[in-house]
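Student:
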Amino acid sequence: MTTRYTDMQLDALRELANIASGTAATSLSQMLGKDVDLNVPKAFALPLADAVDATGNPEELVTGVALALEGDLEGVVLLLVKAQGAATLCGLLGVEPNTEVGDSAMGEIGNILGAAYLMALSAMTGLTLLPSTPFVVTDMLGSIVASVLAETVGHGDTALVLDSELDITGEPCAISFLLLPNAGGVNDLLAPLGLSEATA
Amino acid sequence: MGELAVSNRVGDELVAIGLGSCIGLAMIDRDAGVAGLAHVVLPESQGKPGPAPKFADLAVPDMIGKMVAAGANKRRLEALMIGGARMFSVGASMDIGSRNADAVRSALRDAGIRLKTEEVGGNRGRTARIIIGSDVSSQLAGGERTSLMSLTAGLGSVGKREAAKAV
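Protein chains in written order, with this note's numbering: chain H, 1 to 200; chain A, 1001 to 1167.
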């Protein structure tokens, strides 16, 4: 028994992610004074067993910035940056990576990108989206993503992930920007677009 | 996540990479040379559908059945658990890691399986690894493997015979 989404629903979610992450890319570009490229986002609905691998190499050491969502949509916004990318971002902001100040700067980047992304999402769906204070952790990608999915998907059978990638032009820095809605949250995103609910 | 593997072939490697709040539950019959590893995500199934190994309460009996089917003797089974960290220490988030660890402990107790070693808690992710005929180990991100149980010295006559047959 797996929750299925139609191609049209996944296309709509991908388009939401595309516009929202475009707004986030603009604010990142303004913050750093650098061009930022935005790759075409992915929207995938997978069984839990396959979801982590779809977001990256589970063993890779990454810095994750997590913002829990409250309001009309529950879920988590998660930014993932590989070690070299985190060092690059901190360097551009003039702070040392993997220090208290470095983590704080990463959290602030998460805050600003998350706010821009959610504001765009809110404008398109009419949902009130409230992010929590960012939490920064550096660990294996698998440990971070699986721990978030355990909370967001929980007893559900399918993990829905909206995955956008922002690349800073000319720098070895890619930021994976993930939106992981709670089990019931996907319909909250789809309903304002007039797309029927996911079928079980 | 929510997966389970059992093997009785010497040299086979069972791995759960990047356990955060999840638990890598290992079961071993050293004499028979049978080992299993489950990736437990949540403490209780609460009657919801899903693969049995996803939930601590269902994972333990499911695993015992598969271990016995692979040649293990239930009375010789020993368990180890790895993971159950709290990756995000702020926010409204419940501590799923420690609830998972409690649920695994209690399910093992109910089933009468000895919990030999646990490497749980803290705020860092771990990788659980079983190499049959070698050892069970835990590894922090970017760290060395810590061996938790040797599977060489304890390999009894049954295991040796089966290993010889496998060759």
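All C-beta atoms, glycine included, are put in the ideal place defined by N, C-alpha and C. Just so we're clear, the structure is a prediction, and the values are computed from it rather than from any experiment.
Would a C-beta distance cut-off of 9 Å place A:E1078 and A:A1101 closer than the cut-off?
Tutor: Pairing A:E1078 with A:A1101 gives a Cβ-Cβ distance that is not under 9 Å.
Student: List the whole-angstrom C-beta distance separating H:V62 from H:I144, where the pair is believed to meet the contact cut-off of C-beta under 8 Å.
Tutor: 7 Å
Student: Going by alpha carbons, who is nearest to A:L1148 out of A:G1065, A:G1024, A:G1011, A:G1018?
Tutor: A:G1024
Student: Give me the chain A residues within the contact set of H:V205, using Cβ-Cβ distance strictly less than 8 Å, ordered along the chain.
Tutor: This structure cannot settle anything about residue 205 of chain H, because the visible part of chain H is limited to 1 through 200.
Student: If we require 3 or more residues per run, which beta strand (DSSP E) segments fall completely within the stretch 1005-1092 of chain A?
Tutor: Taking only runs of at least 3 residues, the beta strand (DSSP E) segments lying wholly in the stretch 1005-1092 of chain A are 1013-1019, 1023-1029, 1034-1040, 1078-1083.
Student: At 3 residues or longer, what runs of the beta strand (DSSP E) sit wholly inside the stretch 1098-1128 of chain A?
Tutor: 1114-1120
Student: Consult DSSP for H:A68 and reduce its assignment to one of helix, strand or coil.
Tutor: strand
Student: Can you give the beta carbon distance from H:M106 to H:V136, rounded, assuming they're within the 8 Å contact cut?
Tutor: About 5 Å; that satisfies the 8 Å criterion.
Student: Consult DSSP for H:P47 and reduce its assignment to one of helix, strand or coil.
Tutor: In the three-state scheme derived from DSSP, where H, G and I count as helix and E and B as strand, H:P47 is classed as strand.
Student: Excluding five sequence neighbours on each side, which residues of the same chain lie with their C-beta closer than 6 Å to the C-beta of A:P1049?
Tutor: none
Student: Given a threshold of 16 other Cβ atoms within 10 Å of its Cβ, counted over all protein chains shown, does H:P192 qualify as buried or as exposed?
Tutor: exposed
Student: Counting only the same chain and skipping the five closest in sequence on each side, list residues whose C-beta sits under 7 Å from that of H:M31.
Tutor: I112
Student: Can you tell me whether DSSP reads A:A1141 as helix, strand or coil?
Tutor: coil
Student: Using a threshold of 9 Å, state whether the C-beta atoms of H:S27 and H:P41 are closer than that.
Tutor: no
Student: Against chain B, which members of the stretch 1021-1048 of chain A pass a CB distance test of less than 7 Å?
Tutor: No chain B is present in this structure, whose protein chains are H and A.
Student: So A:S956 and A:A1035 are in contact, right, with Cβ under 8 Å, and what is the actual spacing, rounded?
Tutor: Only positions 1001 to 1167 of chain A appear in the structure, and residue 956 of chain A is not among them; the question remains open.
Student: Is the CB-CB distance between A:R1129 and A:V1015 below 9 Å?
Tutor: yes
Student: Decide yes or no for the touch test of the stretch 1045-1063 of chain A against the stretch 1096-1111 of chain A: beta carbon pairs closer than 8 Å, at least 3 of them.
Tutor: yes
Student: Could you work out which residues of chain H lie near A:E1003, taking near to mean beta carbons separated by less than 8 Å?
Tutor: A49
Student: For a contact defined as C-beta to C-beta under 7 Å, what are the partners of A:G1084 on chain H?
Tutor: The contacting residues do not exist; A:G1084 stays about 10 Å from chain H at best.
Student: Of all the options H:G154, H:A116, H:V101, H:A174, which has the alpha carbon lying nearest to the alpha carbon of A:P1043?
Tutor: H:G154
Student: Out of H:E96, H:A183, H:M140, state which residue places its alpha-carbon closest to the alpha-carbon of A:R1124.
Tutor: H:M140
Student: Kindly list, in the order they appear in chain A, the residues whose Cβ is closer than 9 Å to that of H:A87.
Tutor: Near H:A87 there are no residues of chain A at all, since even the closest Cβ is about 15 Å away, more than 9 Å.
Student: Thinking C-alpha only, which one of A:G1142, A:K1116, A:G1143 is nearest A:V1136?
Tutor: Answer by Cα proximity: A:K1116.
Student: Could you spell out where the beta strand (DSSP E) holding H:G75 opens and where it closes?
Tutor: Boundaries of the beta strand (DSSP E) around H:G75: 75-82.
Student: Report yes or no: do three or more beta-carbon pairs, one from the stretch 167-177 of chain H and one from the stretch 85-99 of chain H, lie closer than 8 Å?
Tutor: yes
Student: For A:K1054, would you say it is in contact with chain H, using Cβ-to-Cβ distances shorter than 9 Å as the test?
Tutor: yes
Student: DSSP three-state call for H:P192: helix, strand or coil?
Tutor: helix
Student: Excluding five sequence neighbours on each side, which residues of the same chain lie with their C-beta closer than 8 Å to the C-beta of A:A1111?
Tutor: V1060, P1061, I1064
Student: Around the C-beta of A:A1092, are 16 or more other C-beta atoms found within 10 angstroms, so that it is buried, or is it exposed?
Tutor: With a pLDDT of 45 at A:A1092, under the threshold of 50, the modelled position of this residue cannot be trusted, and the question is left open.
Student: DSSP on H:A120, reduced to helix/strand/coil?
Tutor: Correct three-state label for H:A120: helix.
Student: Interface residues of chain H around A:I1096 at Cβ under 8 Å?
Tutor: S147, A150, E151
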